[in-house]
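Number of protein chains: 2
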Amino acid sequence: MGAPLPRDPIADAQRNWERHGWADVAAPMAAITAIMRTQQILLARIETVLKPFGLTFARYELLALLSFARSGALPMNKASALLQVHPTSVTNAVDRLQEAGLVLRSPHPTDGRTTLIELTSAGRTLAKRATAALNAEVFAQSGFEASDVEQLVRILGDFRRNAGDFDG
Amino acid sequence: MGAPLPRDPIADAQRNWERHGWADVAAPMAAITAIMRTQQILLARIETVLKPFGLTFARYELLALLSFARSGALPMNKASALLQVHPTSVTNAVDRLQEAGLVLRSPHPTDGRTTLIELTSAGRTLAKRATAALNAEVFAQSGFEASDVEQLVRILGDFRRNAGDFDG
DNA sequence: TCCAAACCCTTGGATGTCCTAGTATATTGC
DNA sequence: GCAATATACTAGGACATCCAAGGGTTTGGA
Chain A
46 MGAPLPRDPI ADAQRNWERH GWADVAAPMA AITAIMRTQQ ILLARIETVL
96 KPFGLTFARY ELLALLSFAR SGALPMNKAS ALLQVHPTSV TNAVDRLQEA
146 GLVLRSPHPT DGRTTLIELT SAGRTLAKRA TAALNAEVFA QSGFEASDVE
196 QLVRILGDFR RNAGDFDG
Chain B
46 MGAPLPRDPI ADAQRNWERH GWADVAAPMA AITAIMRTQQ ILLARIETVL
96 KPFGLTFARY ELLALLSFAR SGALPMNKAS ALLQVHPTSV TNAVDRLQEA
146 GLVLRSPHPT DGRTTLIELT SAGRTLAKRA TAALNAEVFA QSGFEASDVE
196 QLVRILGDFR RNAGDFDG
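Residue numbers (the working numbering), protein chains in the order written: chain A, 46 to 213; chain B, 46 to 213.
In structure tokens form, the structure reads like this:
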């Protein structure tokens, strides 16, 4: 997007917070703002890698989730819960993946309310290729030190558990 | 949204990566996925607090940025650079803030290409109140240990510098 | 048995982000 | 001094996310 700034805007914000008498929350503010910005940077990298495959991150996540399901199929509500996104977001993603021939909807054998999402052969192949690309071009060059990766996994894991994402 | 899951889906994904022979990138994958999810949780909290003020996070950020500018005004391209979002996103936010009477556009005194965004009195007041609410309801109860906040600020600061966000 | 409550998915609407392209104004270089 | 290039903002389009509401299916208690 643009050239590097001469100063870190988040560090500046932190100083502004301290200067206005909010020193007690300046650091958490900076940490949270940094998470927002980091997510934006990482998402942009991921989308760049996935674009040649005709995938977005949301669609890739669903495809990857299905590829790890033993049967290659999952109920939509299960996918929504595991991906932790709103059910309508799954509907949206499935619509587009289905148009692309990567997944298909099928009725649940015993529960008439439920729709199963099934990976097609093309979908399984594309998931493999896209995962390989992400591994090589994003995860293998994450830009985090190995020790920092450990820290992040622990800190954010604690946070997510605390936020009610999962029990444990 | 929903009830807590019985297991951490990101830890499961990490195990899946290891099981498929991608152990070398399993940890960074988990860290990056955790950042995505954490951002989602934090954004939802922030939007909940801002909703009563008629603000979204994007609009709040612009309002806050202006409130810290000495003159209470900034060129749009400057705001775009500091908030690190696309210029069209700033146009969008300014449109809505202007409709709400919180900011106004004015021509740059010497550069005819540039538009200045100015805080109105109402905008300055609302920025103060919204910031107080965020400080009390989000940043003061971030859910991160103080020592983890320090770690996050450092780790993500290193990452952002490395990603070209700023010099230093 | 049967109807109300709970659950599942989809549609429609509001927001935000980015990209591409187009218009207007400045700057640069010949 | 003037044309070519660069910069600033905006319009239109593609996507994703969420919420609110609606229609169909199951479940469970009276």
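C-beta: ideal position from N, C-alpha, C; glycine also.
What separation, rounded to the nearest whole angstrom, lies between the Cα atoms of B:Val-194 and A:Ser-112?
The residue you call residue 194 of chain B lines up with position 149 of the second sequence. The residue you call residue 112 of chain A lines up with position 67 of the first sequence. Their backbone Cα atoms lie some 36 Å apart in a straight line.
Is DSSP giving A:Pro-120 helix, strand or coil here?
Counted from its first residue, the first sequence places residue 120 of chain A at position 75. Note: A:Pro-120 maps to strand in three-state DSSP.
Residues of chain A with a CB under 7 Å from the CB of B:Phe-113: which are they?
For the purposes of this step, residue 113 of chain B is taken as the residue at position 68 of the second sequence. What B:Phe-113 touches in chain A: Asn-61.
Quick one: complete beta strand (DSSP E) runs, 3+ long, within the segment 137 to 167 of chain B?
148 to 152, 160 to 164
If the cut-off is 9 Å on Cβ atoms, which residues from the segment 72 to 95 of chain B count as contacting chain A, listed in chain order?
Ala-72, Pro-73, Met-74, Ala-75, Ala-76, Ile-77, Thr-78, Ala-79, Ile-80, Met-81, Arg-82, Thr-83, Gln-84, Gln-85, Ile-86, Leu-87, Leu-88, Arg-90, Ile-91
Under 8 Å between C-beta atoms of A:Ala-103 and A:Ala-58:
To locate residue 103 of chain A, count along the first sequence from 1; it is residue 58. To locate residue 58 of chain A, count along the first sequence from 1; it is residue 13. No. Outside cutoff.
Using 8 Å as the limit for Cβ to Cβ distance, is B:Phe-98 near chain A?
The residue labelled residue 98 of chain B in the question sits at position 53 within the second sequence. B:Phe-98 does not count as touching chain A.
Under 8 Å, Cβ to Cβ, is there at least one residue of chain B near A:Pro-120?
Walking along the first sequence from the start, residue 120 of chain A turns up at place 75. Not one chain B Cβ lies under 8 Å of A:Pro-120.
Would you say B:Pro-49 lies against chain A (beta-carbon separation less than 8 Å)?
Here residue 49 of chain B refers to the residue found at position 4 of the second sequence. Output row for B:Pro-49: interface = yes.
When DSSP builds the beta bridges, which residues end up paired with B:Phe-211?
Residue numbering aside, residue 211 of chain B sits at position 166 when the second sequence is read from its first letter. DSSP, once it has assigned bridges, lists A:Leu-50 as partnering B:Phe-211.
Residues in the segment 144 to 160 of chain A with C-beta within 9 Å of chain B's C-beta atoms, listed in sequence order?
none
Could you check whether the segment 67 to 85 of chain A touches the segment 131 to 150 of chain A, counting it as contact only if at least three pairs of C-beta atoms, one from each stretch, sit closer than 8 Å?
no
Quick one: which residues of the segment 183 to 199 of chain B get their C-beta closer than 9 Å to a C-beta of chain A? List them in chain order.
Val-183, Phe-184, Ala-185, Gln-186, Ser-187, Gly-188, Phe-189, Glu-190, Ala-191, Asp-193, Val-194, Glu-195, Gln-196, Leu-197, Val-198, Arg-199
Is any beta-carbon of chain A found at less than 8 Å from that of B:Asn-180?
Along the second sequence, one-based indexing puts residue 180 of chain B at 135. Output row for B:Asn-180: interface = yes.
Anything in chain A within Cβ reach of B:Arg-52, meaning under 9 Å, just list it in chain order.
Translated into the one-based positions of the second sequence, residue 52 of chain B becomes position 7. Per Cβ cutoff of 9 Å: Phe-211, Asp-212, Gly-213.
Tell me which residue opens and which closes the alpha helix (DSSP H) that A:Val-297 is part of.
The structure shown does not extend to residue 297 of chain A, since chain A is modelled only from 46 through 213, so no value can be given for it.
Secondary structure at B:Ala-114, three-state DSSP: helix, strand or coil?
Here residue 114 of chain B corresponds to residue number 69 of the second sequence, with the count starting at 1. B:Ala-114: coil per DSSP, three-state reduction.
Three or more C-beta pairs under 8 Å: does that hold for the segment 176 to 193 of chain B against the segment 70 to 86 of chain A?
yes
Just verifying my parser: in three-state terms, what is the DSSP assignment at B:Val-130?
If you number the second sequence from 1, residue 130 of chain B lands on position 85. Three-state result, B:Val-130: coil.
Quick test of the definition: if touching needs 3 or more C-beta pairs under 8 Å, does the segment 139 to 152 of chain B touch the segment 164 to 172 of chain B?
yes
Are A:Ala-208 and B:Gly-188 touching if we call contact CB-CB under 8 Å?
Position 163 of the first sequence holds residue 208 of chain A. Position 143 of the second sequence holds residue 188 of chain B. The answer is yes: Cβ separation under 8 Å.
With 8 Å as the threshold, decide whether the Cβ of B:Leu-164 is near any Cβ in chain A.
One-based indexing of the second sequence puts residue 164 of chain B at position 119. By this cut-off, B:Leu-164 is not an interface position.
Alpha carbon to alpha carbon, what distance is there between A:Gln-196 and B:Leu-110?
On the second sequence, residue 110 of chain B is found 65 positions in, with the first residue counted as 1. On the first sequence, residue 196 of chain A is found 151 positions in, with the first residue counted as 1. Roughly 31 Å between the two C-alpha positions.
Does the distance from the CB of A:Leu-161 to the CB of A:Ala-118 come in under 8 Å?
Position 116 of the first sequence holds residue 161 of chain A. Position 73 of the first sequence holds residue 118 of chain A. Result yes, Cβ atoms of A:Leu-161 and A:Ala-118 sit closer than 8 Å.
Using a C-beta cutoff of 8 Å, does A:Asn-137 count as contacting chain B?
The residue given as residue 137 of chain A occupies position 92 in the first sequence. Chain B, which has no Cβ nearer than 8 Å to the Cβ of A:Asn-137, makes this no.
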